[in-house]
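Novice: FYI, the numbering for the sequence shown is 578 to 1010, going by the working numbering.
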Amino acid sequence: MPVAIVGGGASGTILAAQLARRGLKSALVDGSGRAGRGVAYSTTEPAHLLNVRAEGMSAWAGDPDHFVRRFETEGGDRRGFAQRRLFGRYLRELLEEAVAGGATSLIEASAVAAERAGGCWRVTLDDGSNVEADALALAIGNQEPEGLRAFKGVGKRFVANPWGADARATVEDLAQSGGDALLVGTGLTMVDLVLSLDAAGHRGRILALSRRGQIPRSHADYEPAAVDAGEVPDGSVGAIWRWLRRRSAEVGWRAAVDSLRPHSHRLWQGLDTGEQWRFLRHARPWWDVHRHRIAPEVGATVARLIGEGRLEIMAGRIVAAAQGNDSIEVELRRRSSDSTERRTFAYAFNCTGPLHSMEHTRDPLLRSLLSGGQARPDHLGMGLEVDEKSRAGERLWALGPLTKGRYWEIIAVPDIREQAAAVAEDIERELHE
Ligand SMILES: Cc1cc2nc3c(=O)[nH]c(=O)nc-3n(C[C@H](O)[C@H](O)[C@H](O)COP(=O)(O)OP(=O)(O)OC[C@H]3O[C@@H](n4cnc5c(N)ncnc54)[C@H](O)[C@@H]3O)c2cc1C
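Now the structure itself:
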């Protein structure tokens, strides 16, 4: 029986390729039509660039230049930021190689339930068929954003999933109608939508709003300043933060932030649950915008649009929203203001980022695993509890965003490829025992 992999984004694809190299058969289940690319790399927009330099994007742990070698043959620069669709093509080729070699079979369906019985996993698909497997790996990526209460009942003018087909159609509609857009959230998803609107020729105004109004910073060259593990205080968010400020003053914030990368799993795991919550509540908005930076070209586009008055970034919150006449009427309050203001938009998009709650998950597969007691939420309730080998249960592994509770920094390709290699090795060991 094969290893069933649910989810064909970067995590599932790299795992399938790793298993193929080890001579292990897998069945990769993904019914979204973007297997081999996943959410981030199925974009067709040339304006959507990677937010990691090409030299950091190899799919293979131990072969850091694997992506660069291909990118350079197309005139790319290892220090540059490739179009995400090119990286999607690279991943898709990895999957096609694994399929052509006979190691991986691609099943174009969604998994809706999974159960372990009689010593194997039975994965139920939405077409009613089943896949039987020796082991199960969950690589289902990020979950759709949580619904925003204020926008309940405003209908189709609120785009709840910024990564879905509705969002693309709405961008086209906005480009033609020229209406104003509200983006709730000011992180990487907001940046993506702004780029899509600009590329589509939208000439209306865009308001992007979040509690703190922080937007991702841009990459720039800097002199790396590596630190030894022992130099960074652990166990307290406050102590790490003070260290980071001091270090930033000495070597620059980019060098200071990036110097924590090799130690991030240990630092996260050194925080108790209360401290991890403190990080998520207070430090995360700043951490995210400094750590997950955008390509300089993308930063320049965002700055240009702000300069032209087409994009406004606001710190504030939505008080209420109601359906108008071909529009959405929104009442919002700026941070540190007592009064509210009313604005009218053609559309609003939920750019608040992925759902981090197992309690509120709508994913039928996760619900089936949780209700059957075959997997458990992690201690923060964000994803699944996994051990140091990313095992979530008996012959059950989880990869990528589902394992944020244990690792926190586990969503970018440089982290995912290490995890996929370690999981493939662990699966091989387990199956050959
Ligand atoms: C817009 C965006 C841009 C990003 N840019 C970068 C970048 O430049 N560099 C970088 O390193 N990281 C980037 N990231 C981080 C990104 O999360 C990871 O690089 C990676 O794409 C995550 O891959 P994944 O396979 O875990 O998840 P996903 O890409 O979300 O793939 C999961 C797949 O599983 C499928 N699936 C889910 N549930 C089921 C089910 N029940 N049955 C079958 N299939 C299912 C989904 O349809 C999807 O195809 C970006 C993320 C986003 C959202």
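Quick reminder that beta carbons are idealized off the backbone N, C-alpha and C, glycines included.
1. For S787, which residues does DSSP report across the bridge?
2. Nearest-angstrom Cα distance between R661 and D915?
3. Within its chain, find whatever has a CB closer than 7 Å to the CB of Q996; leave out the 5 residues flanking it on each side and keep chain order.
4. Is the closest heavy atom of ligand 2 to the C-beta of A690 under 7 Å?
5. Between which residues of its own chain and V963 is the CB-CB distance below 7 Å, once the five residues before and five after are set aside?
6. Measuring only the C-alpha atoms, how far is L784 from E889?
7. According to DSSP, C697 sits in a beta bridge with which residue or residues?
8. What does the alpha-carbon distance come out to for the pair G584 and L663?
9. Determine the direct distance from the alpha carbon of F658 to that of A691, and round the result to whole angstroms.
10. Shorter than 7 Å, the distance from the beta carbon of G608 to the closest heavy atom of ligand 1, or not?
11. From the DSSP output, read off the bridge partner residues of T980.
12. Taking C-beta to C-beta, are T590 and G610 nearer than 8 Å?
13. If we call anything under 8 Å between Cβ atoms a contact, is F644 one with A636?
14. Count the other CB atoms within 10 Å of the CB of D704; is the residue buried (16 or more) or exposed (fewer)?
15. Applying the 10 Å Cβ sphere with the 16-neighbour rule, what's the burial state of N927?
16. Thinking C-alpha only, which one of R1006, S603, S825, V834 is nearest E709?
17. Measure the C-alpha to C-alpha separation of L596 and A587 and round it to an integer number of angstroms.
18. Short check: CB of V761 to CB of T929, under 8 Å?
19. Beta-carbon separation of A877 and V629 under 8 Å?
20. What number of angstroms, rounded off, separates the C-alpha of P1054 from the C-alpha of T938?
21. Quick check: the stretch 680-698 against the stretch 945-952, are there 3 or more CB pairs under 8 Å?
22. From L683, D775, R794, A688, pick the residue whose C-alpha is nearest to that of E885; which is it?
23. Let me know the secondary structure DSSP gives W974 once reduced to three states.
24. Would you report the Cα separation of P579 and A998, rounded to the nearest angstrom?
25. If you draw a straight line from the alpha carbon of P722 to that of A880, how long is it in whole angstroms?
26. Can you tell me which of the three DSSP states P954 falls into?
27. Checking the sheet assignment: what are the DSSP bridge partners for N707?
28. Does ligand 1 have a heavy atom nearer than 7 Å to the CB of L663?
29. I'd like the list of long-range same chain contacts for I792, defined as Cβ closer than 8 Å, with 5 residues on each side in sequence excluded.
30. Decide if S913 is buried, meaning its Cβ has at least 16 other Cβ atoms within 10 Å, or exposed.
31. Kindly indicate the opening and closing residues of the beta strand (DSSP E) around Y924.
32. Give a single yes or no on whether Y667 has its beta carbon closer than 7 Å to a heavy atom of ligand 1.
33. Report whether the distance from the Cβ of P978 to the nearest heavy atom of ligand 1 is below 7 Å.
34. Could you give the DSSP three-state label for L759: helix, strand or coil?
35. Any heavy atom of ligand 1 closer than 7 Å to the beta-carbon of I905?
36. Can you give me the C-alpha to C-alpha distance between S795 and V834, rounded to a whole angstrom?
Specialist: In this structure, then:
1. Counted from its first residue, the sequence shown places residue 787 at position 210. For S787, DSSP records a beta bridge to A892.
2. On the sequence shown, position 84 is the one that residue 661 refers to. On the sequence shown, position 338 is the one that residue 915 refers to. For R661 and D915, the distance between alpha carbons rounds to 42 Å.
3. Stepping through the sequence shown from its first residue, residue 996 is reached at position 419. If you ignore the 5 residues before and after Q996, its C-beta comes within less than 7 Å of the C-beta of S967, L976, I987, all in its own chain and listed in chain order.
4. For the structure depicted, ligand 2 is absent and the ligand set comprises only ligand 1.
5. In the sequence shown, counting from the first residue as 1, residue 963 sits at position 386. The residues are A969, A975, T980, R983.
6. For the purposes of this step, residue 784 is taken as the residue at position 207 of the sequence shown. For the purposes of this step, residue 889 is taken as the residue at position 312 of the sequence shown. For L784 and E889, the distance between alpha carbons rounds to 5 Å.
7. Stepping through the sequence shown from its first residue, residue 697 is reached at position 120. A694, per the DSSP bridge assignment.
8. Within the sequence shown, residue 584 is the residue found at index 7, counting from 1. Within the sequence shown, residue 663 is the residue found at index 86, counting from 1. Distance between the alpha carbons of G584 and L663 is about 20 Å.
9. If you number the sequence shown from 1, residue 691 lands on position 114. If you number the sequence shown from 1, residue 658 lands on position 81. Their backbone Cα atoms lie some 39 Å apart in a straight line.
10. Translated into the one-based positions of the sequence shown, residue 608 becomes position 31. True, at least one ligand heavy atom lies under 7 Å from that Cβ.
11. Here residue 980 refers to the residue found at position 403 of the sequence shown. Partner(s): none; T980 has no beta bridge.
12. The count along the sequence shown starts at 1 and reaches residue 590 at position 13. The count along the sequence shown starts at 1 and reaches residue 610 at position 33. No, the pair does not count as a contact, with Cβ atoms beyond the cut-off.
13. The residue given as residue 644 occupies position 67 in the sequence shown. The residue given as residue 636 occupies position 59 in the sequence shown. Yes; because the gap between Cβ atoms is below 8 Å, this pair is in contact.
14. Your numbering for residue 704 matches position 127 in the sequence shown. Exposed.
15. Numbered from its first residue, the sequence shown carries residue 927 at position 350. Buried, by the Cβ-count rule.
16. Residue numbering aside, residue 709 sits at position 132 when the sequence shown is read from its first letter. Of R1006, S603, S825, V834, the residue nearest in Cα terms is S603.
17. Your numbering for residue 596 matches position 19 in the sequence shown. Your numbering for residue 587 matches position 10 in the sequence shown. Straight-line measurement puts the Cα of A587 at about 14 Å from the Cα of L596.
18. If you number the sequence shown from 1, residue 761 lands on position 184. If you number the sequence shown from 1, residue 929 lands on position 352. Yes, the pair counts as a contact, with Cβ atoms nearer than the cut-off.
19. Here residue 877 is taken as the residue at index 300 of the sequence shown, counted from 1. Here residue 629 is taken as the residue at index 52 of the sequence shown, counted from 1. No, Cβ-Cβ distance for A877 and V629 is not below 8 Å.
20. With the chain represented from 578 up to 1010, any question about residue 1054 goes unanswered, as that position is not in the structure.
21. With a cut-off of 8 Å on Cβ pairs, the stretch 680-698 is in contact with the stretch 945-952, counting three or more such pairs.
22. Position 308 of the sequence shown, counted from the first residue, corresponds to residue 885. In terms of Cα proximity to E885, the closest of L683, D775, R794, A688 is D775.
23. One-based indexing of the sequence shown puts residue 974 at position 397. W974: strand per DSSP, three-state reduction.
24. In the sequence shown, the residue the question calls residue 579 occupies position 2. In the sequence shown, the residue the question calls residue 998 occupies position 421. Pairing P579 with A998, the inter-Cα distance amounts to about 17 Å.
25. Counting from 1 along the sequence shown, the entry for residue 722 is found at position 145. Counting from 1 along the sequence shown, the entry for residue 880 is found at position 303. Whole-angstrom Cα-Cα distance: 26 Å.
26. For the purposes of this step, residue 954 is taken as residue 377 along the sequence shown, with counting starting at 1. The DSSP-derived three-state label of P954 is strand.
27. Here residue 707 corresponds to residue number 130 of the sequence shown, with the count starting at 1. Paired residue(s): T701.
28. Reading the sequence shown from its first residue, position 86 is the one you call residue 663. No, the beta carbon of L663 sits no closer than 7 Å to any heavy atom of ligand 1.
29. Position 215 of the sequence shown, counted from the first residue, corresponds to residue 792. Same-chain partners within the cutoff: T763, G764, M767, V768, A785, V866, V879, I890.
30. By one-based count along the sequence shown, residue 913 stands at place 336. Burial is judged here by how many other beta carbons sit within 10 angstroms of a residue's own beta carbon; S913 has fewer than 16 and is exposed.
31. Looking up residue 924 in the sequence shown gives position 347. Looking at the DSSP string, the run of the beta strand (DSSP E) that includes Y924 is 924-927.
32. The residue labelled residue 667 in the question sits at position 90 within the sequence shown. No, Cβ of Y667 sits at least 7 Å from all heavy atoms of ligand 1.
33. Locating residue 978 in the sequence shown gives position 401, counting from the first residue. At least one heavy atom of ligand 1 falls within 7 Å of the beta-carbon of P978.
34. Working through the sequence shown from its first residue, we reach residue 759 at position 182. Residue state, collapsed to three classes: strand.
35. Walking along the sequence shown from the start, residue 905 turns up at place 328. Flag unset: Cβ of I905 not near ligand 1.
36. Start at 1 with the first residue of the sequence shown, and residue 795 comes out as number 218. Start at 1 with the first residue of the sequence shown, and residue 834 comes out as number 257. Computed Cα separation, rounded: 13 Å.
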